Amino acid sequence: MQRITSIREQKKFKTNLTFLIIFSLFMDLGEILIGYIISCTNQTTTTFNVKFDFVNENQALYQGLIGSSGVLGMTIGAISGGKIMQGGRKWAFQFSSIIGVIGSGISLIENIPAILIGRTLFGFACGVQSVCIPRFIEETVPQHQYQVYSTIATLCQGVGSLIAMAMGEGFQDDSDTEALKKSGFWRVIFGFPLVLYVVCIIGVQFYVKYESVKYCIFNDRREEAKKMIKNVYHKSENPEEIIIGFEINTQRDTSFVTLKQAMSSDKYRKGTILVIILIIFHELTGINAILLYSNTMFKQMGLQKPRLGTYGLGVAQLFGLGIAIWMLKKVGRRLLLITGHFLMATCHLLIGIFAYQNMSIWVAVMMISFIMTYQITNGPVIWLYTSEVVVDTALGACIFTLWGTVLVLSLTTNFLMNSALRPQGVFWLFSGISIFGGIYCIIFIRETKGLTDKEKKTLYSPQNLKSSAAFQQHESIEF
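The number in the working numbering is simply the position in the sequence shown, starting from 1, with 197 added.
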């Protein structure tokens, strides 16, 4: 049987911790904005209802349009991101940041068309960055440190959500309609991304001077690769030795595979399709629907102070992701995905039961439990697993599927909550889908923990099925 290489067997070169931390900081600012765009309109709902005279019959429509405009942009950005970043990871990051500045600026104009256009452009920037940031990190950070930096990046999405939730405190009380109508604080919320994007553009341009190491190596930019290696690694390390290590353990052609090849070739087709289906199950757990409409959900389920429940969700996100950083070092991706789906199904079932019984406090407790479960298990793993397994263009298709599913949920959740299903029926629906998601992971999903980049990218190819089946016997928990 072919021997399966483990990342533990590769030499662990000394790194330049200062550079990696600052590089990670700039990437994390982009991740903060990805979390921020999902949650920020949640805080402006009441203000816009008053300011633009949204009445009962069109509240759900306009709330859905404003909430989903950013997600629509993310969907378009994600499907474009795979192609855009083939011109360079740094280039894709900078280009999308400039689009983000333009979109955020337009959204400050006080009329609905401008807000929708601006938020769509802001969403496009986030969509491109949701594709290029994981790849930029993966191809820059040494393999043995990748899951730590990747998980911290995902944690920053939770930070973005929490910032958006906390900024809701800048509004007047929901009952003071006259003050809400005059308030311009919504511009602070929509203008906040401008500041972070400007910091990103300047910081990446002057501090992260080169493309990722892997991208440079496999695009015949060897001298640029050596310069980036000198930034990433300790000065005592030999750049040539590091380059050789990358060439041995990395799948060279992943940056050049077309979407058609990713979907049709024996080498990549199965992995691409299985991950796309995995992502659909992931999003149908309802995570982003909850983040988009938590205030509305809490209000419909009788919580007296909906905003406090939303803050609880934000804190739970951060706490859960903090635990996830430790968990990912110890537990395999497959086990986390399976466990997460079944635990989330249980949380949704109980939320539905408590909502049916009008036990609003317990609804809030179980929603917080759901958020923590998601962030400890599936939340960080899905980004990590997708980036590990699929090629560039397929990564764009996968993230497109993710945000496309979020778009559908953002357009339908508000209506479903007010339909014959009622809130409890919606959560029971999410529960059933989560159970099927867990079963899917048991049957189809394979472990990547401990594999090299080359082994991960071809994990689902026909010639590697026996090898990867053997790897499933490798310990998936280490202490």
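Glycine is no exception: its CB is placed at the ideal position from the N, C-alpha and C atoms.
Note that the structure is predicted; figures quoted are calculated from it, not measured.
**OP:** Evaluate the contact criterion for the segment 469-478 versus the segment 308-322: three or more CB pairs, one atom per stretch, below 8 Å.
**Re:** no
Subject >> Reduced DSSP secondary structure (H/G/I, E/B, other) of V528 >> reply: Within the sequence shown, numbered from 1, the residue matching residue 528 stands at position 331. DSSP places V528 in strand when its eight states are reduced to three.
**OP:** Put Y346 into one of helix, strand or coil per three-state DSSP.
**Re:** Here the question's residue 346 lines up with position 149 in the sequence shown. Y346: helix per DSSP, three-state reduction.
Subject >> Backbone CA spacing between P310 and C595 [nearest angstrom] >> reply: Within the sequence shown, numbered from 1, the residue matching residue 310 stands at position 113. Within the sequence shown, numbered from 1, the residue matching residue 595 stands at position 398. Cα-Cα distance, rounded: 29 Å.
Subject >> Environment of R530 [buried if 16+ CB atoms lie within 10 Å] >> reply: Here residue 530 is taken as the residue at index 333 of the sequence shown, counted from 1. It counts as buried.
**OP:** Indicate whether S327 and S236 have their beta-carbon atoms separated by less than 8 Å.
**Re:** Start at 1 with the first residue of the sequence shown, and residue 327 comes out as number 130. Start at 1 with the first residue of the sequence shown, and residue 236 comes out as number 39. Contact: no.
Original post:
According to DSSP, is Y430 helix, strand or coil?
Top reply: Position 233 of the sequence shown, counted from the first residue, corresponds to residue 430. In the three-state scheme derived from DSSP, where H, G and I count as helix and E and B as strand, Y430 is classed as strand.
Original post:
Anyone know if the C-beta pair for I520 and I579 falls short of 8 Å?
Top reply: Counting from one through the sequence shown, the residue named residue 520 turns up at place 323. Counting from one through the sequence shown, the residue named residue 579 turns up at place 382. No, Cβ-Cβ distance for I520 and I579 is not below 8 Å.
**OP:** Use the C-beta contact count for H545: other C-beta atoms within 10 angstroms, 16 or more gives buried, fewer gives exposed.
**Re:** The residue you call residue 545 lines up with position 348 of the sequence shown. The residue is buried, with at least 16 neighbouring Cβ atoms inside 10 Å.
Subject >> Collapsed DSSP secondary structure at T212 in the structure displayed >> reply: By one-based count along the sequence shown, residue 212 stands at place 15. Three-state result, T212: strand.
Original post:
Hey, out of T482, T272, I550, Q240, whose CA is closest to Y260's CA?
Top reply: In the sequence shown, counting from the first residue as 1, residue 260 sits at position 63. Inspection of the sequence shows that residue 260 is occupied by Gln rather than by Tyr. Closest option to Q260, Cα to Cα, is Q240.
**OP:** Ignoring anything shorter than 4 residues or poking outside the segment 343-399, list the alpha helix (DSSP H) runs there in chain order.
**Re:** 374-379
**OP:** Let me know the secondary structure DSSP gives Y553 once reduced to three states.
**Re:** Numbered from its first residue, the sequence shown carries residue 553 at position 356. Note: Y553 maps to helix in three-state DSSP.
**OP:** Sort C329, I330, S628, I299 by Cα distance to G315 and report the nearest one.
**Re:** As a first step, residue 315 is located in the sequence shown; it is residue number 118 there, counting from the start. When each option's Cα is compared against that of G315, the closest is I299.
**OP:** Answer yes if the segment 405-414 comes into contact with the segment 429-448, meaning at least three C-beta pairs across the two stretches below 8 Å, and no otherwise.
**Re:** Yes: the two stretches touch, three or more of their Cβ pairs being nearer than 8 Å.
**OP:** Jot down the residue ranges of each uninterrupted alpha helix (DSSP H) in the segment 618-642, minimum 4 residues, whole runs only, in chain order.
**Re:** 619-641
Subject >> Chain-order list of residues whose beta-carbon lies under 6 Å from that of W625 (same chain, five-residue window excluded) >> reply: One-based indexing of the sequence shown puts residue 625 at position 428. So the list reads G549, once near-sequence residues are dropped.
Original post:
What span of residues does the alpha helix (DSSP H) with Y582 cover, start to end?
Top reply: As a position in the sequence shown, residue 582 is number 385, starting the count at 1. Y582 -> alpha helix (DSSP H) spans 575-586.
**OP:** Decide if V684 is buried, meaning its Cβ has at least 16 other Cβ atoms within 10 Å, or exposed.
**Re:** Any answer about residue 684 is impossible in this case: the structure gives the chain only from 198 up to 676.
Subject >> alpha helix (DSSP H) runs wholly inside the segment 285-333, at least 4 long, in chain order >> reply: 286-303
Original post:
Assuming N213 and N428 make a contact with CB atoms under 8 Å, what is their CB distance in whole Å?
Top reply: Locating residue 213 in the sequence shown gives position 16, where the first residue counts as 1. Locating residue 428 in the sequence shown gives position 231, where the first residue counts as 1. Taking a contact as a CB-CB distance under 8 Å, the pair N213 and N428 counts as one, their CB atoms being some 6 Å apart.
Subject >> Residue nearest to E686 in terms of C-alpha spacing, selected from V345, V401, T583 >> reply: Outside the displayed range of the chain (198 to 676) lies residue 686, so it cannot be described from this structure.
Original post:
Who are the Cβ neighbours of I273 in its own chain at under 7 Å, not counting the five residues just before and after it?
Top reply: Position 76 of the sequence shown holds residue 273. The residues are F321, G324.
**OP:** Determine the closest residue to K651 out of Y394, I568, E335, with distance taken between C-alpha atoms.
**Re:** For the purposes of this step, residue 651 is identified with residue 454 of the sequence shown, where counting begins at 1. Closest option to K651, Cα to Cα, is E335.
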